[in-house]
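Here the structure is laid out as structure tokens; the discussion comes afterwards.
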Amino acid sequence: GCAEPVLRPEIRAATVRLLERCGYQVSFAPGEACCGALTHHMGREAEALAAARRNVEAWSREIEAGLEAIVITASGCGTTIKDYGYMLRDDPLYAEKAARVSALAKDVSEVIEAAGLPARVEIPARIVAYHPPCSIQHGQKLTTGPQNLLRAAGFTVKLPADSHLCCGSAGTYNIFQPEIAGQLGARKAQTLEALWPDVVATGNIGCAVQIGQHSGLPVAHIVELLDWATGGPAPAGL
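Quick note: this note's numbering has the sequence shown finishing at residue 250, numbered continuously throughout.
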């Protein structure tokens, strides 16, 4: 994602370490850039499709060289990239390539789950309040994988009573509707804090920032916790 390397570069570092422990060779495709999710949310379709075409070109070159998966750590981006095939379905130059890209696009939790979690190391017991991003549970229909990975890593995982509801980030919603987004964020923080966790875990940078603005709890990406449990550094605040 575009925001992640700026706001939380440790997520990318944790992802690379974790994937390499799983036996994957990790690379970054030259020419890849913004996925177009935010312009897509805003109805600026021409810009969103231009972004999709640029990334389809970049990843298609890597696919020809043997790329096996396009791993995404920002679930908002992942939902859009998995939709490239549909977005470009009527483009005779890109429809086939876009469909191939979408088929290889995976949330990082899917890749780790398929590979199997690497050997665990001894870390302190921690209670994790898991916030499933809307783009994970509703957009990508990944309802159990992330929390199962956290449990397999030794964490006690709890879900808030309103786990099916949005935290208020919602792509550009927190920018254009800050008052309502703020109310949603405060409510989500309250239900997460009611679980008395040591840390909040999520799978999308927008959710992490939104929850962090409304709660004093540490907020980590799930890969940071999985990385920690398999030999990496402890996430901030832990």
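Ideal Cβ placement from N, Cα and C applies to all residues, glycine included.
Given the structure is predicted, the values throughout are model-derived calculations rather than measurements.
Within a Cβ cutoff of 7 Å, which residues of the same chain sit near MET54, ignoring the five residues on either side of it in sequence?
Locating residue 54 in the sequence shown gives position 42, counting from the first residue. Contacts found: THR184.
For the beta strand (DSSP E) holding LYS118, just list the boundary residues, first then last.
As a first step, residue 118 must be located in the sequence shown, where it is residue number 106. From DSSP, the beta strand (DSSP E) with LYS118 extends over 117-119.
Mind the definition here: the stretch 148-160 touches the stretch 221-233 only if three or more C-beta pairs lie below 8 Å; say whether that holds.
no
Between the C-alpha atoms of THR51 and VAL140, what's the straight-line distance to the nearest angstrom?
Counted from its first residue, the sequence shown places residue 51 at position 39. Counted from its first residue, the sequence shown places residue 140 at position 128. Between THR51 and VAL140, the C-alpha separation is close to 33 Å.
On a Cα-Cα basis, can you pick out the residue from ILE84, THR27 and ALA25 that is closest to ALA45?
Position 33 of the sequence shown, counted from the start, is the residue given in the question as residue 45. Closest option to ALA45, Cα to Cα, is ILE84.
Going by C-alpha distance, which of ALA64, PHE40 and VAL212 is nearest TYR142?
Here residue 142 corresponds to residue number 130 of the sequence shown, with the count starting at 1. The shortest C-alpha separation from TYR142 is found at VAL212.
Beta-carbon separation of CYS47 and ILE93 under 7 Å?
For the purposes of this step, residue 47 is identified with residue 35 of the sequence shown, where counting begins at 1. For the purposes of this step, residue 93 is identified with residue 81 of the sequence shown, where counting begins at 1. Contact check for CYS47 against ILE93 passes: the beta carbons are separated by less than 7 Å.
Check the C-beta distance from THR242 over to VAL133 and give it rounded, since I have them as a contact under 8 Å.
Stepping through the sequence shown from its first residue, residue 242 is reached at position 230. Stepping through the sequence shown from its first residue, residue 133 is reached at position 121. About 6 Å separates the two Cβ atoms, so the contact holds.
Quick one, are the C-beta atoms of ILE217 and ALA60 less than 7 Å apart?
Residue mapping note: residue 217 aligns to position 205 of the sequence shown, counting from 1. Residue mapping note: residue 60 aligns to position 48 of the sequence shown, counting from 1. The answer is no: Cβ separation not under 7 Å.
Could you compute how far the alpha carbon of ALA261 sits from the alpha carbon of GLU236?
Any question about residue 261 goes unanswered here, given that the chain covers just 13 to 250.
Check the DSSP bridge columns for TYR185 and list the partner residues they point to.
Position 173 of the sequence shown holds residue 185. Looking at the DSSP assignment, TYR185 forms no beta bridge with any residue, so it has no partner.
In whole angstroms, what is the alpha-carbon distance linking ASP119 and ALA64?
As a first step, residue 119 is located in the sequence shown; it is residue number 107 there, counting from the start. As a first step, residue 64 is located in the sequence shown; it is residue number 52 there, counting from the start. Their Cα atoms are separated by approximately 17 Å.
Going straight from the alpha carbon of ASP174 to that of ALA201, what length do you get?
Here residue 174 corresponds to residue number 162 of the sequence shown, with the count starting at 1. Here residue 201 corresponds to residue number 189 of the sequence shown, with the count starting at 1. Taking the straight line from one Cα to the other gives about 11 Å.
Please state if the CB of GLY244 and the CB of ARG29 are separated by a distance shorter than 7 Å.
Position 17 of the sequence shown, counted from the first residue, corresponds to residue 29. Position 232 of the sequence shown, counted from the first residue, corresponds to residue 244. In contact: ARG29 and GLY244 (Cβ atoms closer than 7 Å).
Over the uninterrupted alpha helix (DSSP H) stretch that includes VAL28, give me the two end residues.
Looking up residue 28 in the sequence shown gives position 16. Note, VAL28: alpha helix (DSSP H), 21-33.
Going along the chain, which residues of its own chain have a beta-carbon closer than 6 Å to the beta-carbon of HIS226, five neighbours each way excluded?
On the sequence shown, position 214 is the one that residue 226 refers to. Correct list, in chain order: GLY197, ALA198 and ALA201.
Under a Cβ-count criterion, where at least 16 other Cβ atoms within 10 Å of its own Cβ denotes burial, should HIS176 be classed as buried or exposed?
Residue mapping note: residue 176 aligns to position 164 of the sequence shown, counting from 1. Exposed.
Which partner residues of ALA232 appear in the DSSP bridge assignment?
Your numbering for residue 232 matches position 220 in the sequence shown. Partner(s): ALA213.
Strictly by DSSP, which residues pair up with THR168?
Reading the sequence shown from its first residue, position 156 is the one you call residue 168. Answer by DSSP bridge pairing, in chain order: ILE139.
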